[in-house]
Each structure stands twice: as structure tokens, then as C-alpha cells.
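Data first, discussion second: the structure below is written as C-alpha cells.
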Amino acid sequence: MEVTVPSRILSCGALRPSSGGGVGGRRRGSRSSAYPAPACSSSSSSSCPLSTAGVSVRASLTTGFMGSLAGGSLSSDLCGQKLRVPSLRLPLSGSKGKRGVVTMVIPFLRGNAWEQPPPDLASYLYKNRIVYLGMSLVPSVTELMLAEFLYLQYEDEEKPIYLYVNSTGTTKGGEKLGYETEAFAIYDVMRYVKPPIFTLCVGNAWGEAALLLAAGARGNRAALPSSTIMIKQPIARFQGQATDIELARKEVRNVKAELVKLYARHTGQTTEQIETDIRRPKYFSPSEAVEYGIIDKVLYNERGTDDKSVVSDLKRAQLI
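For the sequence shown, the UniProt record's numbering gives the first residue as 1, with consecutive numbering after it.
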């Protein structure tokens, strides 16, 4: 924004500051007019440049450019010059300013003590190298678990990873939600990463979730006393032409053979025994799962059981 100061206005003293320190001698808190009447040196109103130009001093000062010059002296050197005033235009709505993002943790008062709000629980588990499987094995869950395993390996190749299992596998309520290949993908990554993986069943480990439970590091596969473990064969429903159904049946047989082989590898049972057991869903209590070879121990609370033969503290088992 540029304002031109006419030399006629300066010569007549219309903009000459008074001794009060401000333009026109205006003082803070004064109730008088904001600007005094123009002091024109000419005796006749017709010869005054202000009257001939039809410009009032009040209107000439509404631009606000004299605010930065209040208290100074205006000499004749300013006559005819252009004063550059900072533009007051606001930025366009489409423009985005750069600003820093500051994260604050605001404490709050609870009772008589100041406390911080509870942390993000998922991030807290992740920070302690805990991977929690609490849903059915669907593609989104598989993708997240694979990313967690790989990142935790790159973060530290020696510290163990803790896998907590509470899942019904690829089915829920008799409805199939995922495919067995989701469990195979997680299983392969568990065998691929370098850190040992300690598994713990904290609720249900059914179907393919039982395979992930058994795939943990030998000697560090555990279950809580109220958990349930179940193994079963793959479930599939076919629809289409006879040729398509035959191809799908062949694929299901291959999946079943792979599942039987993996169960036999981690439980110590023969493939024939596994095939016999998974014809119908077979449920295990934690102690039965230990005998079958799916897990290695059952974790009890030492203050809540009389069976001291299988008592194991969580910290001693390194599962928390």
C-alpha cells in the first residue's frame, strides 16, 4: 500500500505535529476531537489548498499511515514522496501457513492428587514388545501383526516378543470370516524373525489361533488357567460349477495337509493322530494342552490356587 503525501498539505501545516507528541496534539484519554482543525496559513479559504482540494484533514488521516510517525517531525523533505505502509490484506483462504505442532500432556486433579490422563493402551503394549491378537484372523488383523513383528525385529533382534492370543481363528459364531492362509502368513513371519516369541493364551485359542499359540518358542508357550484351546480342520463352502468345486476341494485338502504337518511339528504328535483328532473340533483345558504338546505350562496366581506343581509366576516366566 502506497500513499502519496501532497506537498500542498505539508506546506500549509495541516499535518504538522503539535508539541503534544502525537499528530494534532491528541492525548491518550482525551475526549476532544481526534484531530484538530487544520491550521492553514492562508487568510482566505479559497487560497487554502485543503479547501480547494475539498479534502478534510480527518479524512486524510484515516489511512493510518501517520500512526508510525507520531511524535516525530515532518519536514519538507517528505513533500511529494511516497510512504510505503504495510499491507493490511488478510491471507487468502487457500493459503496454508506453517506452524509447529506441540503435544502437551495436561495433568488433572483426581481427589487430592494430580495425575496424568491414562496412556494409549495399544501404544503401551507395543512399547513393551507385546503383540495382542484379540480378533478373528481377517486380512486387516494379519497386516497389522506382520508389521508389528517385522518392526520389533528391526528395533531389537535379541529381546523376545510376547504374543498374547485371544482369538477364535478364522471363524466366529459358526461364520467363516477369513482364510487359513492368514494364519500361515503370520506363522511364517513368526518363524522368520530372529527374536524369540513367547506365546500366552489369555482367553480362547481356537482353530488357527491354536497353531500360532503352539508356534511360540519351545519352553515359553503358556496359557492362563481359565483359557480354552481347540484344534479343528479347515472349513469351506463351495458354490459354482462342478469343475470349480473340484478345484476348491483340492485346495482345501492342501490347506488341511499343511495344517496337520504344522500341528505335528510343534506338538510332537504324529500326523495320523492329528488327522484323527481334527475330524471334529477337539477342545483342551490348559492342563490337557500341556499333555498334548500345544503349550508347555499353565500360569497360575500363586495366591489363588493350591496346586503348586504347576505354579509359575508371570515375571519368572518372562511373559509380562
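Every residue, glycine too, gets a C-beta built ideally from N, C-alpha and C.
Bear in mind that the values here come from a model prediction, so they are computed numbers and not experimental data.
Three-state secondary structure (DSSP) of residue i
i	result
T171	strand
V189	helix
Y154	helix
K159	coil
K194	coil
L299	coil
L133	strand
L200	strand
Y179	coil
V141	helix
S73	Here S73 scores only 47 on pLDDT, less than 50, and its place in the model is too uncertain to base an answer on.
P36	Bear in mind that the predicted position of P36 carries a pLDDT of just 48, short of 50, making it unreliable; the figure below should be weighed with that in mind. Looking at P36 - three-state DSSP - the assignment turns out to be coil, as it is neither helix nor strand.
Whole-number beta carbon distance between residue j and residue i, since they are thought to touch under 8 Å
i	j	result
E208	E246	Contact doesn't hold; Cβ gap of about 25 Å is too wide.
F198	P160	5 Å
G178	V138	5 Å
Y283	T243	37 Å between Cβ atoms; not a contact.
Contacts around residue i, its chain only, beta-carbon distance under 7 Å, and the 5 residues preceding and following it disregarded
i	result
V255	E180 and P234
D277	I231
A217	P196, I197 and F198
V252	P234 and A236
I130	Y162 and Y164
A264	T270, T271 and I274
S287	V298
Own chain, CB closer than 8 Å to residue i, minus 5 neighbours either side, in chain order
i	result
A215	Y187, M190, R191, I197, T199, L262 and H266
L133	V141, M145, L163, Y164, V165, N166, S167, A209 and L212
R237	K176
M135	V141 and S167
Other residues of its chain near residue i: CB distance less than 6 Å, five sequence neighbours each side excluded
i	result
V260	T271, I274 and E275
L213	V165, T199, C201 and A205
P281	M230 and K232
F149	V189 and V193
Next on the checklist: Which complete beta strand (DSSP E) runs does the stretch 213-290 hold, if anything under 3 residues is left out?
Outcome noted: The stretch 213-290 contains these whole beta strand (DSSP E) runs: 221-223, 228-231 and 282-284.
Item to check | Three-pair Cβ contact test at 8 Å for the stretch 215-230 versus the stretch 289-301 | outcome: At 8 Å Cβ cutoff, the stretches touch.
Next on the checklist: Quick check: the stretch 147-155 against the stretch 164-178, are at least 3 beta-carbon pairs closer than 8 Å?
Outcome noted: Pairwise C-beta distances place the stretch 164-178 out of contact with the stretch 147-155, as fewer than three of them are shorter than 8 Å.
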